[in-house]
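Reviewing the structure listed below.
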Amino acid sequence: MTTLLTHSGLMSGRWLRILWRQPWFVAITLVQPVIWLLLFGALFERVIEIPGFGSDDYIDFLVPGIIAMTALFSAGWSGMGIINDLDRGVMDRFLVSPARRASLIAGPLGQLAVIVVIQALIIVGLALARGADLPGGAGGVAVTIGCSVLLAWAIGGLSSAIALVARKEETLIGAVNFLVLPLTFLSTAFMPGDLTPGWVADVARYNPVDWAIEGGREALSADPDWSDVGAYAGLLALAALLCGWLATRAMGAYQRSV
Amino acid sequence: MTSAIRAAGLVKEYPGGIRALDGLRLEVEAGTVFGLLGPNGAGKSTTVKILTTLSQPDAGEASVAGLDVLREPERVRATIGVIAQRSGLDPEATARENLTLQGRIHGMRRADVRARAAELLDRLGLAEAADRRAGTYSGGMQRRLDIAMGLIHRPSVLFLDEPTTGLDPEIRSAMWAEITRLARDEGLTILLTTHYLEEADQMASRLAIVERGRVVVEGPPAELKAGLRGDAVAVDLRRPEANGRAVAALERVAGVREVLMEGLSVRARVDEGATAVPAVLSALESAGVTVAAVTVSRPSLDDVYLQRVGRSFASDETKEETP
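Chains as they are written, first to last, in our numbering: chain Z, 1 to 258; chain H, 259 to 581.
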């Protein structure tokens with residue numbers, strides 16, 4: 001266990017170094033969500049007037065959704081690093097070293113957590129600048145970010161698994177594009193569940209992106225129901241564990257193909 | 259003899275029915291350099307992948323440093339160094355950072371890694387470029403860093419899969435010298451795969467020719483060549499009319515076979531070129547033949563390959579390299 005932790009730390013360190021040397025990655029994955037926050041926030045400013053919306057500021061309502069969405073986007077691409085490593089022979093070199101298999105998955109996920117935290121803090125800063133209240137305060141923001149990190153780990157694990165099985169950038173790009181938009185819109189990111197068609201609300205209940213949004217939104221509210229937040233966080237943690245396990249299985253599948 | 263590497267009956271089939279290994283057998287004595295020679299696709303890399311625990315055979319067994327590669331892969335990984343065909347360096351990290359991570363994964367302490375990395379970078383002539391990103395390195399520098407990566411944790415068995423492919427001939431021979439020196443200094447066992455006859459000949463104390471997933475012949479390079487029964491001797495004459503006398507004289511010398519005339523020169527095969535030349539010269543002298551030049555050539559590994567595989571190695575290579 002200590003070896004696994006040491007190796008995961010070493011691998012995360014490597015991925016953070018890569019991030020440090022190409023920080024534009026954070027900027028690129030931020031562009032879209034920032035546009036959505038500012039543009040949607042302005043465009044749909046008045047949706048709060050719909051009876052039953054339940055929030056008096058649309059930016060306030062959007063923040064957890066935009067944070068989860070950013071985490072989703074960044075996480076979707078995290079398999080790219082693995083494909084790069086496969087192409088360059090880096091993965092094979094680690095596989096013939098004593099490096100623990102799970103640490104090879106944990107490394108990119110460690111980097112991902114840092115990316116998600118940076119992006120979320122930028123989004124929170126922008127929202128505050130646009131006049132959001134975020135009644136849940138710093139604690140609520142921390143819990144929201146925590147939920148999004150768990151979401152990112154789940155999606156990142158899935159992305160790594162796809163990368164290890166497909167081993168082609170094109171396949172991963174296709175899979176990510178196929179997943180990301182439906183996962184974003186089949187959620188309560190832009191509209192409360194009560195105001196969406198019934199089937200969307202039904203699907204959203206099983207969508208991990210929605211778990212992160214609902215958990216965050218609850219934590220950011222004036223009077224959070226912490227058992228609700230805990231349930232969402234628990235579900236997200238389970239999803240992250242499941243996808244992480246899937247990715248280590250995919251590592252085995254890759255090795256059988258070598 | 260203590261074997262550092264042992265493999266028997268290795269079979270590996272890839273999807274699509276490609277049989278990469280077909281009962282390969284191998285034994286490498288500890289502390290020696292062993293060469294696996296063969297054209298691309300013969301099964302050399304697959305053998306290395308199995309012995310380094312990257313890949314698993316469909317049948318057969320193998321051990322490295324006395325450890326079973328199938329039952330104790332973790333322990334095998336801790337004792338081996340691997341320099342694969344694809345370098346596997348992190349281009350975003352400097353040479354020192356690449357080496358540090360590799361050493362730390364092998365459980366080395368920080369101070370130990372630091373000292374060992376500095377030592378290797380120095381020995382491989384990379385000290386000045388140590389803090390530059392590996393992605394900015396030339397091909398030759400990357401290869402030297404690869405070697406350092408394979409040695410950082412002081413392995414006892416080193417696998418070199420086509421270490422000099424794609425390098426300039428000049429850099430290539432410098433590399434041979436470096437690897438040989440390091441192997442000697444560190445008391446390593448090396449398994450080297452190559453498709454350069456010259457590389458196998460110069461570096462390996464024993465070699466095996468691999469063809470279609472099997473070892474077709476194995477032994478020290480000199481012995482394999484001696485197995486061809488003899489060197490070639492060519493005698494160039496000053497006057498063509500002496501030909502008949504020269505042939506007759508040579509045929510009487512003990513140990514000289516297959517005497518042939520070719521224009522102004524007479525060719526023959528002898529067991530040992532060096533010992534046959536004085537006898538050949540004195541026989542010709544007493545027959546009154548004036549000799550312009552004598553050349554003795556050792557049989558090459560190409561001759562061995564030709565005899566065992568039935569094709570010349572060069573023809574295999576040009577076939578492989580023309581897409």
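For glycine and all other residues, C-beta sits at the position ideal for the given N, C-alpha and C.
All of these numbers come straight from a predicted model, not from anything done at the bench.
Just to confirm the assignment, what range does the alpha helix (DSSP H) spanning V258 (chain Z) have?
The residue you call residue 258 (chain Z) lines up with position 258 of the first sequence. No alpha helix (DSSP H) holds V258 (chain Z); DSSP gives it neither H nor E.
As assigned by DSSP and simplified to three states, the class of G110 (chain Z):
As a first step, residue 110 (chain Z) is located in the first sequence; it is residue number 110 there, counting from the start. Of the three classes helix, strand and coil, the one that applies to G110 (chain Z) here is helix, per DSSP.
When H:I263, H:G267, H:F292 are compared against P478 (chain H), the one with the closest alpha-carbon:
Numbered from its first residue, the second sequence carries residue 478 (chain H) at position 220. Nearest option by C-alpha distance: H:F292.
What does G301 (chain H) touch in chain Z if you count any residue whose Cβ is under 8 Å from its own?
One-based indexing of the second sequence puts residue 301 (chain H) at position 43. Ordered by position in chain Z, no residue passes the 8 Å Cβ test against G301 (chain H), which lies about 14 Å from the chain.
Chain H residues whose Cβ lies nearer than 8 Å to that of A99 (chain Z):
Position 99 of the first sequence, counting from 1, holds the residue named residue 99 (chain Z). By Cβ distance, chain H contributes I363.
Do you know offhand how far D280 (chain H)'s Cα is from F417 (chain H)'s?
For the purposes of this step, residue 280 (chain H) is identified with residue 22 of the second sequence, where counting begins at 1. For the purposes of this step, residue 417 (chain H) is identified with residue 159 of the second sequence, where counting begins at 1. Looking at the two C-alpha atoms, the distance is approximately 21 Å.
Return no unless some Cβ of chain Z is closer than 8 Å to the Cβ of G424 (chain H).
Along the second sequence, one-based indexing puts residue 424 (chain H) at 166. False, the Cβ-Cβ gap to chain Z never drops below 8 Å.
On the DSSP letters alone, give me the boundaries of the beta strand (DSSP E) that A555 (chain H) sits inside.
Start at 1 with the first residue of the second sequence, and residue 555 (chain H) comes out as number 297. Strictly speaking, residue 555 (chain H) in this sequence is Ser, with Ala absent from that position. From DSSP, the beta strand (DSSP E) with S555 (chain H) extends over 549–555.
Using a Cβ-based criterion (distance less than 7 Å to any ligand heavy atom), does P108 (chain Z) qualify as near the ligand FAD?
Among the components modelled here there is no ligand, and therefore nothing to report on the ligand FAD.
I want to see whether chain H comes within less than 8 Å of S12 (chain Z), judged by CB atoms only; does it?
As a first step, residue 12 (chain Z) is located in the first sequence; it is residue number 12 there, counting from the start. No, S12 (chain Z) does not count as interfacial toward chain H.
Would you mind working out which of H:T305, H:N298, H:L295, H:S345 sits nearest V594 (chain H), comparing C-alpha positions?
Residue 594 (chain H) is absent from the model: chain H starts at 259 and stops at 581.
Answer with yes or no whether the minimum CB distance from D210 (chain Z) to chain H is below 8 Å.
The count along the first sequence starts at 1 and reaches residue 210 (chain Z) at position 210. No, D210 (chain Z) lies away from the interface with chain H (no Cβ there is under 8 Å from its Cβ).
Sub-8 Å separation of L559 (chain H) and L450 (chain H) beta-carbons:
Along the second sequence, one-based indexing puts residue 559 (chain H) at 301. Along the second sequence, one-based indexing puts residue 450 (chain H) at 192. Cβ distance not < 8 Å, so L559 (chain H) and L450 (chain H) don't count as in contact.
For R249 (chain Z), decide whether its Cβ has a neighbour in chain H, counting only Cβ atoms nearer than 8 Å.
Numbered from its first residue, the first sequence carries residue 249 (chain Z) at position 249. Cβ-Cβ to chain H under 8 Å: no for R249 (chain Z).
Continuous beta strand (DSSP E) assignments of at least 3 residues falling wholly in the region 320–386 of chain H:
338–341
With three or more C-beta pairs closer than 8 Å as the rule, is the region 329–348 of chain H touching the region 400–413 of chain H?
Under the 8 Å Cβ criterion, the region 400–413 of chain H counts as touching the region 329–348 of chain H, having at least three qualifying pairs.
Can you check whether the C-beta of L359 (chain H) is within less than 8 Å of a C-beta belonging to chain B?
Given the protein chain composition of this structure (Z and H), no chain B is represented.
Answer yes or no: do G488 (chain H) and R527 (chain H) have a C-beta to C-beta separation smaller than 8 Å?
The sequence position of residue 488 (chain H) within the second sequence is 230, counting from 1. The sequence position of residue 527 (chain H) within the second sequence is 269, counting from 1. Contact: yes.
What separation, rounded to the nearest whole angstrom, lies between the Cα atoms of I448 (chain H) and R556 (chain H)?
For the purposes of this step, residue 448 (chain H) is taken as the residue at position 190 of the second sequence. For the purposes of this step, residue 556 (chain H) is taken as the residue at position 298 of the second sequence. Straight-line Cα distance between these residues: approximately 26 Å.
Contact residues within the region 80–114 of chain Z, judged by C-beta distance below 7 Å to chain H
R88, G89, V90, D92, R93, L95, V96, S97, P98, A99
DSSP on G293 (chain H), reduced to helix/strand/coil?
Indexing the second sequence from 1 puts residue 293 (chain H) at position 35. Reduced to three states, the DSSP call for G293 (chain H) is strand.
Nearest-angstrom Cα separation, counted from N356 (chain H) out to G13 (chain Z):
Taking the first residue of the first sequence as position 1, residue 13 (chain Z) is located at position 13. Taking the first residue of the second sequence as position 1, residue 356 (chain H) is located at position 98. Spanning the two alpha carbons is a distance of roughly 12 Å.
Run down chain Z in chain order and give the residues with a C-beta less than 8 Å from the C-beta of R344 (chain H).
What you label residue 344 (chain H) is simply residue 86 of the second sequence in a count that begins at 1. Chain-order list of chain Z residues neighbouring R344 (chain H): R88, G89, D92, by C-beta distance under 8 Å.
Reduced DSSP secondary structure (H/G/I, E/B, other) of K270 (chain H):
Position 12 of the second sequence, counted from the start, is the residue given in the question as residue 270 (chain H). Judged by DSSP in its simplified three-state form, K270 (chain H) adopts strand.
Under 8 Å: do the region 75–89 of chain Z and the region 220–228 of chain Z share three or more Cβ pairs, one atom per stretch?
no
Name, going along the chain, the residues of the region 4–28 of chain Z whose beta-carbon falls closer than 7 Å to a beta-carbon of chain H.
H7, L10, R14, R17, I18, R21
Quick check on D326 (chain H) - is its C-beta less than 8 Å from some C-beta in chain Z?
Here residue 326 (chain H) refers to the residue found at position 68 when the second sequence is read from its first residue. No, D326 (chain H) does not count as interfacial toward chain Z.
Going by alpha carbons, who is nearest to T358 (chain H) out of H:A534, H:R430, H:A388, H:R566?
Position 100 of the second sequence, counted from the first residue, corresponds to residue 358 (chain H). Out of H:A534, H:R430, H:A388, H:R566, H:A388 has the C-alpha closest to the C-alpha of T358 (chain H).
By the criterion of Cβ-Cβ separation under 8 Å, what are the contact partners of R335 (chain H) in chain Z?
Walking along the second sequence from the start, residue 335 (chain H) turns up at place 77. V96, S97, P98, listed in chain order.
Determine, for V258 (chain Z), whether the minimum Cβ-Cβ distance to residues of chain H falls below 8 Å.
For the purposes of this step, residue 258 (chain Z) is identified with residue 258 of the first sequence, where counting begins at 1. It does: the Cβ of V258 (chain Z) has a partner Cβ on chain H nearer than 8 Å.
Okay, do the region 176–196 of chain Z and the region 104–111 of chain Z touch, 3+ Cβ pairs below 8 Å being the bar?
Result no; under three Cβ-Cβ pairs closer than 8 Å.
Report yes or no: is there a C-beta of chain Z within less than 8 Å of the C-beta of D348 (chain H)?
Sequence index remark: in the second sequence, residue 348 (chain H) carries index 90 (1-based). For D348 (chain H), the answer is yes, since a Cβ of chain Z falls inside 8 Å of its Cβ.
Using a Cβ-Cβ cut-off of 8 Å, state whether T305 (chain H) counts as contacting chain Z.
Along the second sequence, one-based indexing puts residue 305 (chain H) at 47. Judged by the 8 Å Cβ criterion, T305 (chain H) is not in contact with chain Z.
From H:A336, H:R390, H:I405, residue whose alpha carbon lies closest to that of M433 (chain H):
The residue you call residue 433 (chain H) lines up with position 175 of the second sequence. It is H:I405.
Looking at L72 (chain Z) and V203 (chain Z), is the spacing between their C-beta atoms short of 8 Å?
Taking the first sequence and counting its residues from 1, the one referred to as residue 203 (chain Z) is at position 203. Taking the first sequence and counting its residues from 1, the one referred to as residue 72 (chain Z) is at position 72. Result no, Cβ atoms of V203 (chain Z) and L72 (chain Z) do not sit closer than 8 Å.
Per-residue contacts from T310 (chain H) into chain Z (C-beta, under 7 Å)
Locating residue 310 (chain H) in the second sequence gives position 52, counting from the first residue. Those within 7 Å of T310 (chain H) in chain Z are V96.
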